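Undergrad: Chain order of the listed sequences is A and B. Here our numbering is used: the first residue of the first sequence is 1, the next is one more, and so on. Here our numbering is used: the first residue of the second sequence is 1, the next is one more, and so on.
There are 2 protein chains.
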Amino acid sequence: MKYTTLDVTLRDGGYKNNFHFPASYIDQHINLMALAGLDWIEVGYRNGSHKLLKDAGDVAYCTNSYLQQLKHVSKNAKISVIGHPQNLEIFDIDALVAEDVGMLRICCSTSTIEKAKTLIKAASDAGLVVCANITRSSQLRLTEMLHLSEQAASAGADVIYIADSNGSMQPDRVSTFVESVMEVTDCFVGFHAHDHLGLAMPNSLAAVEAGATYIDASLNGVGKGAGNLRLESWVSYLSKKGEWNNEIDLILLQLPLLEEVIARGFNRDVWLELILAYYDISFDDRRIFSKNNVGMLHDLRAARRFSDLRT
Amino acid sequence: MKYTTLDVTLRDGGYKNNFHFPASYIDQHINLMALAGLDWIEVGYRNGSHKLLKDAGDVAYCTNSYLQQLKHVSKNAKISVIGHPQNLEIFDIDALVAEDVGMLRICCSTSTIEKAKTLIKAASDAGLVVCANITRSSQLRLTEMLHLSEQAASAGADVIYIADSNGSMQPDRVSTFVESVMEVTDCFVGFHAHDHLGLAMPNSLAAVEAGATYIDASLNGVGKGAGNLRLESWVSYLSKKGEWNNEIDLILLQLPLLEEVIARGFNRDVWLELILAYYDISFDDRRIFSKNNVGMLHDLRAARRFSDLRT
C-alpha cells in the first residue's frame, strides 16, 4: 500500500496503564494487528521512557526476556521498539537484533543528537530499519528541524519522523516540515500525531498530502495526554480511499479487549458509531444493533447486512 | 471574522441528556458563548426533533415561553432555532420573530423539500436569516444535493448547510459538495460535522478550504452519536490562524459547567490537554498544573505564565 502504518497502542497507550499489559493481551494484540494488515507493531520502550517511571510494566523496558516471549507470537508481525539515546547503548542494538526486532526508533532532540547519531549508525549497520523520531517538533524552528534531520539522515536513518509530542502543531506547519525534510534528505518521512487540539487526523492528513508515508496510530487513540491518532479512524479513512486491503473488522475486534486492560474508561459508542458511519447508517436506524451488547462481531454483521440490503 | 461559527451545544448536545438543561445552565451558556464571540447560538428544535422523543426537555420544543425566558439573557446573543418541515407551520415563524429569534434553520431532504420551500420563503419574508440544512448528505448523489440546494436558494435561503448527519462523509466529498453548491447558488455555504469516523475536523477544514463560511460546533463535541466538531478545538484552530478575536478562555470556562448537566461522563483531561497544547507545553512540564483540580481559570493562568516566561 501507499502508506506504512505503525501501531503504537502498546507503547504510547502504556501511559494509560503504566505500561502494564497482561502477556495474553500483548500476544493477541500483536497477532490480530498483524493479521489486520498493520505494517509495524511497536511493543515498547527499550530501557524506559524519557523520564523513568516508577513501577512501570514490561512495555516500558523491552527486556530481552520480554522480547523473547514475543517471538512465538506471529512470524508475520514486524516488531518495532523505541528508545531515548540516554537509555540506549550499542549492546542494546545487538540484543534487539537477536530477538528478531526489525525496527528501532530513536528519539532525537538537539540535546541528544550526537549520541543518537552513533546509535543510528550502529542500528543501520546491524540491519535494522531505523527511524529518527524528532520529538517536540512544535518547539523547533524549521532550521533546527532540518539540521537534526540532515544529521540523522547522514548517520543512516531510513525514516525521519516528525513527532508532535505536545500535540501543538497546526496542519500548515506539518506540511512545511514534511516538505522541507523531503528537500534536504532522501529519507522517508513519518508523522506521529497527538490529539490535544483535535488535530491528530488533520495533521496526519496534511503530512501524507505533503509526502509523508509513515503514520503512527493507536487503537482508540490511547496514548500520552490526549492520545494519538485513532487507528480505527485512520484505517477506515484509508479503506474508503481504497488504500487498505483488509476489512476493518480485525482492528475493531481488538477494541473491547483493549478496553479491559486500560485503566481509563472506554466508550462502547466510540466504535459503534464508527461502524454506523462506516456503513453510512443513520442514527434513526440504530435499532439494527443489539441493545444487549452481544458484541462487536454481531454489530459488524448487522451493519453489513443492512448496508447490503439497501444497495 | 472570515467564518461564522454557530454553537449547537444545546441543540445537538440535547441528545446526550434528552434535551434537559437547567434554565440556569442555558442562561449562562448563552451569555458566555455570546461574550466569547460566537456568532450564533442555537437554543433548540421548534416542536421536536426528526423523530419525536419521549419526555424530552424544553430544548427539544422551543415553546414561546421558553424562548421568552431567553430574551433577558443577553442582548448581544444572536439566537438560532432549528426545525423539521413536518413539525413547522407558518405561525411558528411569526412566533420566532416575536421572541427575537434571528435565524431559522430548516432541515431539508428530498421528501420534505416542498414544505421546506414554503417555510423558507415565509421565514425570509419575515426577516429571519434562513439556513436550509440538507440532512444525511452522505446518502445523496451530487445531483440530488444540487437540486435541493437550488430549490432552497430560489425560495430565499441565505445559507445552504451540508449536514453530515451520519458522520459518514469523507473530506474529498465535502469539498466537491461545497464547491458545487457554490457554483449553482449565490448562498453562503455551511457545514455541520459529526465525528463518527474521526473526521469532524478534517471535513470542516475541507469545507472552509472549498469556500464554506458557516461552521457548526459544540462544546466538548456533545451531540448525536459520536458528536459534533469540538467547539474548543475549532476556536483554538481559528485563534492560531489569527481568525478569532478573543481569548479562548471564555469557551473553556463553560466546559466544567456543561460537564455537570450532561448525563454522559466528561473527561477533565480533554480540556487540560488542550490548554497544554495551546500553549505548547510538554507533558513533562505538566507539574505547573494544580493536582487538586482547583479549576480551569487556575490552569489557564498557569499555562499562560509558563508560556510567557519561556519566550
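We put the CB at the ideal spot given by N, CA and C, even for glycine. Quantities reported herein were computed from a predicted structural model and do not represent experimental measurements.
As an exercise, report each continuous alpha helix (DSSP H) stretch of at least 4 residues that is fully enclosed by the region 248-288 of chain B, in chain order.
TA: Within the region 248-288 of chain B, the complete alpha helix (DSSP H) runs of at least 4 residues are 249-261, 268-278.
Undergrad: Let me see if you follow: with CB-CB separation under 8 angstroms, is serine 166 of chain B close to chain A or not?
TA: The displayed chain sequence assigns asparagine, not serine, to residue 166 of chain B. So yes, asparagine 166 of chain B belongs to the interface.
Undergrad: Give me the subset of the region 226-257 of chain B whose CB atoms are less than 9 angstroms from a CB atom of chain A, sorted by chain position.
TA: Correct list: Ala226, Gly227, Leu229, Arg230, Glu232, Ser233, Trp234, Ser236, Tyr237, Lys240, Lys241.
Undergrad: Do we get a CB-CB distance below 8 angstroms when we pair glycine 198 of chain A with the residues of chain B?
TA: Answer yes: the Cβ-Cβ gap between glycine 198 of chain A and chain B drops below 8 angstroms somewhere.
Undergrad: When you compare only the Cα positions, how much space is there between aspartate 58 of chain B and threonine 5 of chain B?
TA: Those two C-alpha atoms are separated by around 23 angstroms.
Undergrad: Nearest by alpha-carbon distance to glutamate 259 of chain B: which of B:Arg11, B:Lys117, B:Asn17, B:Asp7 is it?
TA: With distances taken between Cα atoms, glutamate 259 of chain B lies closest to B:Asn17.
Undergrad: Using a C-beta cutoff of 8 angstroms, does lysine 71 of chain A count as contacting chain B?
TA: Chain B, which has no Cβ nearer than 8 angstroms to the Cβ of lysine 71 of chain A, makes this no.
Undergrad: Please name the residue or residues paired with aspartate 7 of chain B in a DSSP beta bridge.
TA: Aspartate 7 of chain B is bridged to B:Ile41, B:Ala217.
Undergrad: Does the distance from the CB of alanine 132 of chain B to the CB of alanine 122 of chain B come in under 8 angstroms?
TA: For alanine 132 of chain B and alanine 122 of chain B, no; Cβs fall outside 8 angstroms.
Undergrad: Could you spell out the range, first to last residue, of the beta strand (DSSP E) harbouring arginine 105 of chain A?
TA: 103-108 is the extent of the beta strand (DSSP E) around arginine 105 of chain A.
Undergrad: So, is the C-beta of alanine 163 of chain A closer than 8 angstroms to a C-beta in chain B?
TA: Not an interface residue.
Undergrad: Across which residues does DSSP place arginine 136 of chain B in a beta bridge pair?
TA: According to DSSP, which records beta bridges pairwise, arginine 136 of chain B is partnered with nothing at all.
Undergrad: Reducing DSSP to helix, strand and coil, say where histidine 50 of chain A ends up.
TA: Histidine 50 of chain A falls in the coil class under three-state DSSP.
Undergrad: When you compare only the Cα positions, how much space is there between glycine 255 of chain A and threonine 143 of chain B?
TA: In the sequence as presented, glycine is not what sits at residue 255 of chain A; that position holds leucine. Rounded to whole angstroms, leucine 255 of chain A to threonine 143 of chain B spans 38 angstroms at the Cα level.
Undergrad: Identify the contact partners of serine 154 of chain B in chain A, using a Cβ-Cβ distance below 9 angstroms as the criterion.
TA: Here the premise fails: no neighbours, minimum Cβ distance about 28 angstroms.
Undergrad: Rounded to the nearest angstrom, how far is the Cβ of glycine 37 of chain B from that of tryptophan 244 of chain B, given a contact under 8 angstroms?
TA: Right, their Cβ atoms sit about 7 angstroms apart.
Undergrad: Could you check whether the Cβ of leucine 205 of chain B sits closer than 8 angstroms to any Cβ belonging to chain A?
TA: It does; some Cβ of chain A falls within 8 angstroms.
Undergrad: Using alpha carbons as the reference points, say which of A:Asp92, A:Ser154, A:Ile215 lies closest to histidine 84 of chain A.
TA: Nearest option by C-alpha distance: A:Asp92.
Undergrad: Roughly how far, in whole angstroms, is the beta-carbon of serine 236 of chain A from the beta-carbon of tyrosine 279 of chain A, given that I think they are within contact range, below 8 angstroms?
TA: The pair is not a contact, with the Cβ atoms about 10 angstroms apart (cut-off 8 angstroms).
Undergrad: Run through chain A and tell me which residues come within less than 8 angstroms of methionine 201 of chain B, C-beta to C-beta.
TA: Under the 8 angstroms cutoff, chain A gives Gly198, Leu199, Met201, Pro202.
Undergrad: What's the gap between the Cα of alanine 155 of chain B and the Cα of leucine 252 of chain A?
TA: Whole-angstrom Cα-Cα distance: 45 angstroms.
Undergrad: State the beta-bridge partners of aspartate 129 of chain B as determined by DSSP.
TA: One point to set straight first is that residue 129 of chain B is valine, not aspartate, in the sequence displayed. Partner(s): B:Met103.
Undergrad: Taking a contact to mean a Cβ-Cβ separation below 8 angstroms, would you say valine 129 of chain A touches aspartate 94 of chain A in this structure?
TA: Cβ atoms of valine 129 of chain A and aspartate 94 of chain A: not closer than 8 angstroms.
Undergrad: Any beta-carbon of chain A closer than 8 angstroms to the one on leucine 274 of chain B?
TA: Yes, its Cβ sits closer than 8 angstroms to a Cβ of chain A.
Undergrad: So who's on the other strand from arginine 230 of chain B, going by DSSP bridges?
TA: Paired residues: B:Ser218.
Undergrad: DSSP beta-bridge partners for phenylalanine 188 of chain B?
TA: Partner(s): B:Val159.
Undergrad: For histidine 84 of chain B and chain A, any beta-carbon pair shorter than 8 angstroms?
TA: No, histidine 84 of chain B lies away from the interface with chain A (no Cβ there is under 8 angstroms from its Cβ).
Undergrad: Just to confirm, is the Cβ distance from alanine 77 of chain B to isoleucine 30 of chain B under 8 angstroms?
TA: Their beta carbons are under 8 angstroms apart, which means alanine 77 of chain B touches isoleucine 30 of chain B by this criterion.
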